[in-house]
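Enquirer: Sending over a structure as structure tokens; questions will come in a sec.
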Amino acid sequence: MVASFPRCPPRVSVGEQSRLDCEAICKLGLKAKILTHIRCHMDDARIAVATGVDGVDVMIGTSSLMRQHSHGKDIEYIKKTAIEVINFVKSQGIEVRFSTEDSFRSDLVDLLSIYSAVDQVGVNRVGVADTIGCASPRQVYELIRVLRGVVSCDIETHFHDDAGCAIANAYCALEAGATHIDTSVLGIGERNGITPLGGLMARMVATHPEYVKSKYRLNKIKDLENLVAEAVQINIPFNNYITGFSAFTHKAGIHARAILNDPSTYEIINPADFGMTRYVHFASRLTGWNVIRSRAQQLNISMTDKQYKECTAKIKALADIRPIAIDDADSIIRACYRNFQSGEELGEVMNA
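Residue numbers for the sequence shown follow UniProt numbering, beginning at 1 and rising by one.
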């Protein structure tokens, strides 16, 4: 778990509050390891270590843009300072990660030179960051694959979602040999955020279900997202991975029929694995008679296929005129059933 960002002057007010926050979190006695981000700077390292964290994430920009407009240091200075900071943090008996910022716009030779240098002094892991969200899954796979052959330590990755590739990039990083993925609940982070925890779990459970289900308590994701959403006062998107209210909702008639026969026809993920349930939406103009039959059976109503189809036509006709609710559809189903039982024509069923 990454806590606040303690730092030295000139931003004293920001650094002091972050230091206090970090100390408070460390005193909570959480099961999770508490780490904090710092700049690649000895003053920051001393402040961070004093907070009581379990580890420090050291970072510095390595692209030409970052070196020119952010900190103004060259590659040799970065290597020298990184080694100094890493050695200090290690001497305090806590974990240390070194990460480059803007990794995917950095020169590959520079990157590998820096990573190799910090690996040789015993960094616990190196970090690769797509700071501006520009990387593609192919770029990620290729870089992590090369890096895996250069360093012996763990590899952590950090992907922003500016171009919509954060989940795909994270998964490709794992395939290429990365050991750690930075995530946040609901993907909350700078700009468009980073890899969302729920989305990455969805991607992983779709390909390695038994392993993922044995390692993670997937049914806790919804409660966790609700907790965070309430704390930061945002709404969970309707189409959010796994927990959005439409995530396991099926509406189109041909989809719904197949889902009723075998859910795997239109679901790569079993909602029950995440403590969720599917919903087949039947109160719409897109509904099909198989769905109406299923709903009628839930209401303990049995009709012939021909009658289900006639009933479905009535529901679709009303839905073409105005939005209908579940109660509207149920009323039509019951009215149709009564009329069929009494031998009457459907006629004005919708007014029954």
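The beta-carbon is built from N, C-alpha and C at its ideal position, and this holds for glycine as well.
Here's the rule: buried if 16 or more other CB atoms are within 10 angstroms of the residue's CB, otherwise exposed. What is M201?
Expert: Position 201 of the sequence shown, counting from 1, holds the residue named residue 201. By the neighbour-count rule (16 or more Cβ atoms within 10 Å), M201 is buried.
Enquirer: By Cβ distance below 7 Å, which residues in the same chain neighbour T81 in space, the five residues on each side in sequence not counted?
Expert: By 1-based counting over the sequence shown, the position of residue 81 is 81. Here the set comprises C40.
Enquirer: Do N124 and C153 have their CB atoms nearer than 8 Å?
Expert: Along the sequence shown, read from residue 1 onward, the residue named residue 124 stands at position 124. Along the sequence shown, read from residue 1 onward, the residue named residue 153 stands at position 153. Yes; because the gap between Cβ atoms is below 8 Å, this pair is in contact.
Enquirer: Shortest alpha-carbon distance to A206 belongs to which of I242, L186 and I181?
Expert: Residue mapping note: residue 206 aligns to position 206 of the sequence shown, counting from 1. Of the candidates I242, L186 and I181, the one whose C-alpha sits nearest the C-alpha of A206 is I242.
Enquirer: Among V140, I155, L143 and T131, which has the Cα closest to the Cα of V118?
Expert: Sequence index remark: in the sequence shown, residue 118 carries index 118 (1-based). Nearest C-alpha to V118: I155.
Enquirer: Quick check on T157: does DSSP put it in helix, strand or coil?
Expert: For the purposes of this step, residue 157 is taken as the residue at position 157 of the sequence shown. Three-state result, T157: strand.
Enquirer: Quick check on the burial criterion: 16 or more other C-beta atoms within 10 angstroms. Buried or exposed for S63?
Expert: As a working mapping, residue 63 is identified with position 63 in the sequence shown. Looking at its Cβ environment, which holds 16 or more other Cβ atoms inside 10 Å, S63 is buried.
Enquirer: Which class does R217 belong to by DSSP, given the choice of helix, strand or coil?
Expert: Reading the sequence shown from its first residue, position 217 is the one you call residue 217. Correct three-state label for R217: coil.
Enquirer: In the stretch 191 to 238, which residue ranges form an unbroken alpha helix (DSSP H) of at least 4 residues, counting only runs that do not cross its ends?
Expert: Runs found: 197 to 207, 209 to 215 and 221 to 232.
Enquirer: With a CB to CB cut of under 8 Å and the five nearest residues on each side skipped, what residues in its chain are close to V53?
Expert: On the sequence shown, position 53 is the one that residue 53 refers to. Cβ neighbours of V53 beyond the five flanking positions: A3, C22, C26, I34, L35, T36 and I94.
Enquirer: Quick one: give me the first and last residue of the beta strand (DSSP E) that H37 is part of.
Expert: Reading the sequence shown from its first residue, position 37 is the one you call residue 37. Segment L35 to R39, the beta strand (DSSP E) holding H37.
Enquirer: Can you tell me whether DSSP reads F98 as helix, strand or coil?
Expert: Position 98 of the sequence shown holds residue 98. The answer is strand: DSSP assigns F98 an E or B state.
Enquirer: My understanding is that V89 touches V126, with C-beta atoms under 8 Å, so please give their C-beta distance in whole angstroms.
Expert: Residue numbering aside, residue 89 sits at position 89 when the sequence shown is read from its first letter. Residue numbering aside, residue 126 sits at position 126 when the sequence shown is read from its first letter. Contact flag wrong, Cβ pair sits at about 14 Å.
Enquirer: Looking at the structure shown, is V150 part of a helix, part of a strand, or coil, going by DSSP?
Expert: Taking the sequence shown and counting its residues from 1, the one referred to as residue 150 is at position 150. Coil at V150, not helix or strand.
Enquirer: In or out: V280 buried (at least 16 other Cβ within 10 Å) or exposed?
Expert: On the sequence shown, position 280 is the one that residue 280 refers to. Under this definition V280 is a buried residue.
Enquirer: Closest to L286 by CA distance: which of S302, Y141 and D320 is it?
Expert: For the purposes of this step, residue 286 is taken as residue 286 along the sequence shown, with counting starting at 1. Closest by alpha carbon: D320.
Enquirer: Nearest by alpha-carbon distance to F98: which of V128, A135, C336 and K314 is it?
Expert: As a first step, residue 98 must be located in the sequence shown, where it is residue number 98. Nearest of V128, A135, C336 and K314 to F98, Cα basis: V128.
Enquirer: Could you pull out every unbroken alpha helix (DSSP H) segment of at least 4 residues lying fully inside the stretch 37 to 124, listed in chain order?
Expert: 42 to 50, 75 to 91 and 108 to 120, all fully within the stretch 37 to 124.
Enquirer: Pull up the distance between the alpha-carbon of K251 and that of F282, whole angstroms please.
Expert: Along the sequence shown, one-based indexing puts residue 251 at 251. Along the sequence shown, one-based indexing puts residue 282 at 282. Each residue's alpha carbon lies about 7 Å from the other.
Enquirer: When you compare each of T179, C336, E267 and I234 to D305 by their alpha carbons, which one comes out closest?
Expert: Walking along the sequence shown from the start, residue 305 turns up at place 305. The shortest Cα separation from D305 among T179, C336, E267 and I234 belongs to C336.
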